[in-house]
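First up is the structure itself, then whatever we jot down about it.
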Amino acid sequence: MNEQTPTVTMEKIVSLARRRGFVFPSSEIYGGLSGCWDYGPLGIELKRNVKQAWWSAMVQERDDMVGIESSILMHPKVWVASGHLKGFSDPLVECKSCHQRFRVDELAGPKCSACGGEFTEERQFNLMFKTFIGPVEDGSNVIYLRPETAQGMFVNFDNILQSTRRKVPFGIAQQGKSFRNEITTGNFIFRSREFEQMEIEYFVKPGTDEKWFEFWLNERLQWYVKYGIKREHLSILEHEKAKLAHYAKRVCDITFQYPMGWEEIEGIANRTNFDLKQHAEASGKVLDYYDDETKEHYIPYVIEPSAGVDRSLLAFMCDAYAEEPDKDETRVIMHFHPSLAPVKAAILPLSKKGNLSNFTRDIYKNLRTTLATQYDDTQSIGRRYRRQDEIGTPYCITVDFQSLEDNRVTVRERDSMGQIRIPIIELKKTLEAKIAGEDFLVLPPGGEVVQSKGKEA
Ligand code: GAP
Numbered sequence: 020m021n022e023q024t025p026t027v028t029m030e031k032i033v034s035l036a037r038r039r040g041f042v043f044p045s046s047e048i049y050g051g052l053s054g055c056w057d058y059g060p061l062g063i064e065l066k067r068n069v070k071q072a073w074w075s076a077m078v079q080e081r082d083d084m085v086g087i088e089s090s091i092l093m094h095p096k097v098w099v100a101s102g103h104l105k106g107f108s109d110p111l112v113e114c115k116s117c118h119q120r121f122r123v124d125e126l127a128g129p130k131c132s133a134c135g136g137e138f139t140e141e142r143q144f145n146l147m148f149k150t151f152i153g154p155v156e157d158g159s160n161v162i163y164l165r166p167e168t169a170q171g172m173f174v175n176f177d178n179i180l181q182s183t184r185r186k187v188p189f190g191i192a193q194q195g196k197s198f199r200n201e202i203t204t205g206n207f208i209f210r211s212r213e214f215e216q217m218e219i220e221y222f223v224k225p226g227t228d229e230k231w232f233e234f235w236l237n238e239r240l241q242w243y244v245k246y247g248i249k250r251e252h253l254s255i256l257e258h259e260k261a262k263l264a265h266y267a268k269r270v271c272d273i274t275f276q277y278p279m280g281w282e283e284i285e286g287i288a289n290r291t292n293f294d295l296k297q298h299a300e301a302s303g304k305v306l307d308y309y310d311d312e313t314k315e316h317y318i319p320y321v322i323e324p325s326a327g328v329d330r331s332l333l334a335f336m337c338d339a340y341a342e343e344p345d346k347d348e349t350r351v352i353m354h355f356h357p358s359l360a361p362v363k364a365a366i367l368p369l370s371k372k373g374n375l376s377n378f379t380r381d382i383y384k385n386l387r388t389t390l391a392t393q394y395d396d397t398q399s400i401g402r403r404y405r406r407q408d409e410i411g412t413p414y415c416i417t418v419d420f421q422s423l424e425d426n427r428v429t430v431r432e433r434d435s436m437g438q439i440r441i442p443i444i445e446l447k448k449t450l451e452a453k454i455a456g457e458d459f460l461v462l463p464p465g466g467e468v469v470q471s472k473g474k475e476a
C-alpha cells in the first residue's frame, strides 16, 4: 500500500470521484439535492465490494451470525418504543435575519456566520423524515423513514430465535439505507441525508457484555486494516461515562483521519437490554431468551457495531489515493485492496487489427464471467495503464501478436509495475489467486517473470 499521503485532500477525492464516475451530486441537472449523492458505474462496484467484504467477514464466515433485510418503513410504534420520536434530535438555532439554520454544536460564534444576524433561542429538531402510509394524508397515517437499520433487527429478535434456533451469544446483521434530515450536511458523502449502514446487533448473556464489547471493537478495527486502511489513521474515541445515553453502558467511536480531520467512521455501543425491554413492553410480546443449560430466562444485552457504508468507502478512497511523479506529469494511483477494486482486470490489445482484436475479445468474454473486467483498445498502452491506475485496477493484461502464436499474455501489477507472461489457459485461475493474496511473482506452469518491478514507457 502507499506511503504516507499528505497529498490527499477532499477536493482531489471529490474531483477524481466525479471525473471517473464514482460519485455524482444527486439530481445534478436540476442543481443537485443537498445531502444526497448518486453512485456512478465505478462507485457502485466499489460500494458493493465494501458491503460484500463486510458481509463475508461478519456473516458468511461466522457461525454465530445471521443476516436479515427488514423494511425501511416500520410501524410508527417502533420509534416510540425505541425513543427516537422523543429524543432523536439535534439542538438547532435559526438566524433571525437570513433564516439559515445551524446545529448548535457547529456554531462558529455567537452571531450568524452568513450575515452576522442574531440567533433565535435553541430548540430541538427531530431528524426523522416523515411521510404518510396509504392514500389518506392525515395524522393517523404518519410514518417515518428509518434513521437506523438497528430497530429492524430488534423487532425480529424472536422471529430469528424461533426460525434459526440460535443460542446466545449470536448476532443479527443488516445492511441498508437510513435517512436523517441532518441540519447540516457536508464533507462530500461523509454526512448525508440518505446513506447506508452496516449494523450488527450481537446478543449476549448479561455479565459477558464487557468481554464481547472488547471483542467487537478489536474485530472491527482489524476489518478496516485488512482492507487497506492504515492503522495509524484509525483511533478509538471513548465516550465519557457521564454523557452516555441513559441506556448505554459503554460507547466507543472508531474514528478515521479524513482530510478534514478525525471523524467517526463507526460506533460500537453496549446498549444493555434497553431495546428488547422497550419493544417487549410496548408490543406486549415476550422478547426474552431461555437458556436451556442454566434453565433461566433473561433479556440479552446487546453489543452494537454500527458502521457507515459511505463513510467506509470514503475512508478506503482516501487511504488508497497516491500521487507519483511521471515524466512531466503526476500519476494518480488508487491502491485499492484487490477485493475492493471496482475493476479487477483490464484487457488491453496492443493493436486494433482484426485477428488480434477478436482473439483479445474472447479472452475478455471468458474473464468477465467471474471478474469485473474492462476492455480498452484506445490510445497508447502507457495511457491505458495510467487510466487503470487511476481507478485502482490491480491487474492489466496486454495481448500482442506474439500471443497469437504462443497463447500467452503479459500481466502487469498496478503497485509494483512488475510484469509476468503466462499461458492464457492459466489466466483466470492466476488472477483469482492473486486477488486472494498470492504473491505476484508466484508463477503458474508455463509462466515467466518479464520484470519483477519497475517503470514502463
Ligand atoms: N444504530 C446506531 C447508530 O445508528 P450512529 O452513530 O448514529 O449509530 C452509525 O450511526 C454510523 O452510521 C456512523 O458511525 C456513520 O458511519 C453512519 N452515519 C450516521 N449518520 C450518517 C450520515 N448523516 N451520513 C453518513 N453516514 C452516517
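Going by my numbering, the first residue of the sequence shown is number 20, and it counts up by one from there. We put the beta carbon where it would ideally sit given N, CA and C, even for glycine. Just so it is clear, the structure is predicted and the values come from calculations on it, not from any experiment.
Tell me which same chain residues have a C-beta within less than 8 Å of the C-beta of residue i, skipping the five on either side of it?
i, result
"residue 333", "32, 207, 208, 209, 277"
"residue 297", "100, 101, 102"
"residue 187", "222, 223, 224, 308, 310, 319"
"residue 458", "none"
Using 8 Å for Cβ pairs, my map puts residue i next to residue j. What's the rounded Cβ distance?
i, j, result
"residue 165", "residue 197", "6 Å"
"residue 107", "residue 145", "6 Å"
"residue 357", "residue 454", "4 Å"
"residue 219", "residue 343", "The pair is not a contact, with the Cβ atoms about 38 Å apart (cut-off 8 Å)."
"residue 97", "residue 191", "About 15 Å separates the two Cβ atoms, so there is no contact after all."
"residue 335", "residue 69", "7 Å"
"residue 415", "residue 431", "5 Å"
"residue 378", "residue 450", "With a Cβ gap of about 18 Å, residue 378 and residue 450 do not count as contacting."
Within its chain, find whatever has a CB closer than 7 Å to the CB of residue i; leave out the 5 residues flanking it on each side and keep chain order.
i, result
"residue 76", "242"
"residue 212", "54, 55, 198, 199, 200, 201, 204"
"residue 37", "43"
"residue 476", "Note that residue 476 has pLDDT 46, beneath the 50 cutoff, so the model's placement of it is unreliable and no number is given."
"residue 149", "161, 163"
"residue 266", "290, 291, 293"
"residue 173", "220, 294, 295, 298"
"residue 410", "39, 61, 353, 361, 362"
Is residue i close to the ligand GAP? I mean its beta-carbon at under 7 Å from any heavy atom of the ligand.
i, result
"residue 294", "no"
"residue 322", "no"
"residue 194", "no"
"residue 107", "no"
"residue 435", "no"
"residue 329", "yes"
"residue 214", "yes"
"residue 53", "no"
"residue 219", "no"
"residue 210", "yes"
"residue 247", "no"
"residue 162", "no"
"residue 156", "no"
"residue 283", "yes"
"residue 373", "no"
"residue 326", "yes"
"residue 286", "yes"
Within the continuous alpha helix (DSSP H) that includes residue i, where are the two ends?
i, result
"residue 119", "Per DSSP, residue 119 belongs to no alpha helix (DSSP H) and is neither H nor E."
"residue 70", "60-74"
"residue 172", "169-173"
"residue 79", "Neither: residue 79 is in no alpha helix (DSSP H) and is coded neither H nor E."
"residue 422", "420-425"
"residue 38", "29-38"
"residue 285", "It is not in any alpha helix (DSSP H) - residue 285 instead sits in the beta strand (DSSP E) that spans 280-289."
Hey, out of the options, whose CA is closest to residue i's CA?
i, options, result
"residue 153", "244, 162, 465", "162"
"residue 339", "266, 420, 434", "434"
"residue 63", "454, 456, 360", "360"
"residue 110", "93, 134, 140, 82", "140"
"residue 255", "262, 237, 267", "237"
"residue 448", "80, 95, 388", "388"
"residue 390", "174, 363, 134", "363"
"residue 273", "377, 284, 265", "284"
"residue 405", "379, 385, 348, 377", "348"
"residue 325", "385, 252, 235, 367", "235"
Going along the chain, which residues of its own chain have a beta-carbon closer than 6 Å to the beta-carbon of residue i, five neighbours each way excluded?
i, result
"residue 180", "none"
"residue 23", "With a pLDDT of 43 at residue 23, under the threshold of 50, the modelled position of that residue is not reliable, and the figure given next carries that caveat. No residues qualify anywhere along the chain."
"residue 465", "442"
"residue 73", "217"
"residue 195", "168"
"residue 244", "250"
If I follow the unbroken beta strand (DSSP E) through residue i, where does it start and stop?
i, result
"residue 349", "348-353"
"residue 398", "That residue, residue 398, is in no beta strand (DSSP E); it is neither H nor E in DSSP."
"residue 44", "42-44"
"residue 137", "Looking at the DSSP string, residue 137 is not in any beta strand (DSSP E), and its letter there is neither H nor E."
"residue 316", "315-317"
"residue 343", "340-345"
"residue 274", "269-277"
"residue 190", "189-198"
Against chain B, with Cβ distances strictly below 8 Å, would residue i count as a contact?
i, result
"residue 430", "Protein chains in the displayed structure number just one, and chain B is not present."
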